[in-house]
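Undergrad: Right, I'll just put the structure down here and ask away after.
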Amino acid sequence: MDPSELILVPRLGCPHCDALLETLAPLTSNAQVECGACDRSFLSNEAIIPAFSPAPFSRDLPAGFGRGGKLDQVLLSAIEMLRSHVWALLVTSLFVNAVWFAVVGWPSNFLIGQWRFMLAGESTDLGSFAALMTATFAVGMMIAPMSAYAWIVMARLSLHICRYGTPRPVSVAAAVSHWKVPFRSVWQISVLFVALGVMFATIVVGGLVVTIALSLWTDPQSATLIGTLGMGTILIGGLFSMQWLLWPSLFLIADDRANLTTAVRWSVRLAREHRKLSLSLVTVYFLLATLGKLFFYVGEVVTIPIAIIPMAIGYLKMTGGEQAVDLVCIVTRSVRAC
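With this note's numbering as the guide, the letters of the sequence shown map in order to residues 1 to 338.
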């Protein structure tokens, strides 16, 4: 075999649907590849090579594209992965929750108590007020990066487990290697979280303004009821919609596939093209995350791995990250589906 005929890239873009495909070995220029996203075949020399062309998903997707797998298949694979790698996932989840609680959770609870104490009029010292404001600002600045760090750690470990169906349980020592993450990923997801926070804060402020305006035309009790119900509906609907449209972007950034703006653009297109699977995964995640919060931090330690593994598998299916590669008997090692 002439080495010049090999395409030495680990990822190829499907020319039919623009999904980003994973390969575990070099491909010859005439090797047949089957896309795991749209189930169509193409020759490797027809693929989009990310290093020499605009990123995948840069072109319009064909009508009817959107087969990223079924929810029952994803959940069955997730159960298998959870059973095989439960200790690595639980230890990592315990670690990220402990870090988040130490840096954000406990200080926030302490500051809330101090603010209640001050607003009750039991402390009017100007120095105490300034110190409390400074501490509140410092803790507030840590919410986004710590949340981003916790997400990235869990996402990278989940992708490591699910990408090729790791045959042996990931040891705790191997899981620890995923606790160190690139700063650029933390920074980009932090910016996304801050942008979403500002958007929802704007909705809250707008709801308060509308409620006050309504109170001028109707009785205050009715205005408060209408404003609360309306704002609550918008917030819940907006939160669910943003999770549906943007959750793939978190994996794209954690997986080092794209920067923030590109990840958001790809994410919206992936979520829309795979709307059935994406909506199902977000619903499962939303319910599990809500259940975990009911049991505070202890519940989240358990529910976070259960919720994120199906999303990792769904992400790999939607991006073609798991696929069968037919190397025409030249290379026998193929990508193993989760």
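Where a beta carbon is used, it is the ideal one built from N, C-alpha and C, also for glycine.
Buried or exposed: Asp219, going by 16 or more other Cβ atoms within 10 Å of its Cβ?
TA: Residue 219 sits at position 219 when you count from the first residue of the sequence shown. Asp219 should be labelled exposed.
Undergrad: Considering only residues of the same chain and omitting the five flanking positions on each side of Leu75, which have a CB-CB separation below 7 Å?
TA: As a first step, residue 75 must be located in the sequence shown, where it is residue number 75. Excluding positions up to five away in sequence, the list reads Pro310.
Undergrad: Taking the straight line between their C-alpha atoms, what separation do you get for Arg269 and Ala148?
TA: As a working note, residue 269 is residue 269 in the sequence shown. As a working note, residue 148 is residue 148 in the sequence shown. Taking the straight line joining both Cα atoms gives about 22 Å.
Undergrad: Check whether chain D comes within 7 Å of Pro182, counting only Cβ atoms and requiring the distance to be less than that.
TA: The chain labelled as chain D is not found in the depicted structure, where only one protein chain is given.
Undergrad: Using the C-alpha atoms, what's the distance from Ala150 back to Val194?
TA: Numbered from 1 along the sequence shown, position 194 holds the residue referred to as residue 194. Numbered from 1 along the sequence shown, position 150 holds the residue referred to as residue 150. Cα-Cα distance, rounded: 15 Å.
Undergrad: In this structure, how does DSSP classify Leu250 when only helix, strand and coil are distinguished?
TA: Within the sequence shown, the letter at position 250 stands for residue 250. It is helical.
Undergrad: Would DSSP call Phe42 helix, strand or coil?
TA: For the purposes of this step, residue 42 is taken as the residue at position 42 of the sequence shown. Looking at Phe42 - three-state DSSP - the assignment turns out to be strand.
Undergrad: CB His85 to CB Val170, shorter than 7 Å?
TA: Indexing the sequence shown from 1 puts residue 85 at position 85. Indexing the sequence shown from 1 puts residue 170 at position 170. Cβ atoms of His85 and Val170: closer than 7 Å.
Undergrad: Counting C-beta neighbours from all protein chains within 10 Å, is the total for Asp255 16 or more, i.e. buried, or is it exposed?
TA: Here the question's residue 255 lines up with position 255 in the sequence shown. Asp255 is buried by the Cβ-count criterion.
Undergrad: Could you say which of Thr290, Leu291, Ser267 and Lys276 lies nearest to Thr319 if we only look at CA atoms?
TA: For the purposes of this step, residue 319 is identified with residue 319 of the sequence shown, where counting begins at 1. Considering only alpha carbons, the answer is Ser267.
Undergrad: Under the assumption that Val186 contacts Ile152 (Cβ atoms under 8 Å), give the Cβ distance between them as a whole number of angstroms.
TA: Indexing the sequence shown from 1 puts residue 186 at position 186. Indexing the sequence shown from 1 puts residue 152 at position 152. Confirmed, Cβ separation roughly 6 Å.
Undergrad: In this structure, how does DSSP classify Arg59 when only helix, strand and coil are distinguished?
TA: Position 59 of the sequence shown, counted from the start, is the residue given in the question as residue 59. No answer about Arg59 holds up, because its pLDDT of 33 lies below 50 and its placement is not dependable.
Undergrad: What are the boundary residues of the beta strand (DSSP E) that includes Val170?
TA: Mapped onto the sequence shown, residue 170 falls at position 170. Note, Val170: premise wrong, no beta strand (DSSP E); not H, not E.
Undergrad: Could you tell me whether the region 204-214 touches the region 268-288, using the rule of 3 or more Cβ pairs below 8 Å?
TA: The answer is no - the region 268-288 does not touch the region 204-214, with fewer than three Cβ pairs under 8 Å.
Undergrad: Does the region 238-251 come close enough to the region 276-290 to have 3 or more Cβ pairs within less than 8 Å?
TA: Enough Cβ pairs lie closer than 8 Å, so yes.
Undergrad: Taking the alpha-carbon positions, what's the Arg40 to Tyr297 distance?
TA: The residue labelled residue 40 in the question sits at position 40 within the sequence shown. The residue labelled residue 297 in the question sits at position 297 within the sequence shown. Those two C-alpha atoms are separated by around 44 Å.
Undergrad: Using alpha carbons as the reference points, say which of Leu291, Pro248, Ala307 and Ala289 lies closest to Tyr350.
TA: Because the chain here runs from 1 to 338, residue 350 falls outside it and cannot be looked at.
Undergrad: Tell me Gln73's beta-bridge partners as DSSP assigns them.
TA: On the sequence shown, position 73 is the one that residue 73 refers to. Bridge partners of Gln73: none, in fact.
Undergrad: Below 8 Å on the Cβ atoms is my contact criterion, and I expect Ile203 with Gly238 to pass it. Report the Cβ-Cβ distance as a whole number of Å.
TA: Here residue 203 corresponds to residue number 203 of the sequence shown, with the count starting at 1. Here residue 238 corresponds to residue number 238 of the sequence shown, with the count starting at 1. Contact flag correct, Cβ pair sits at about 7 Å.
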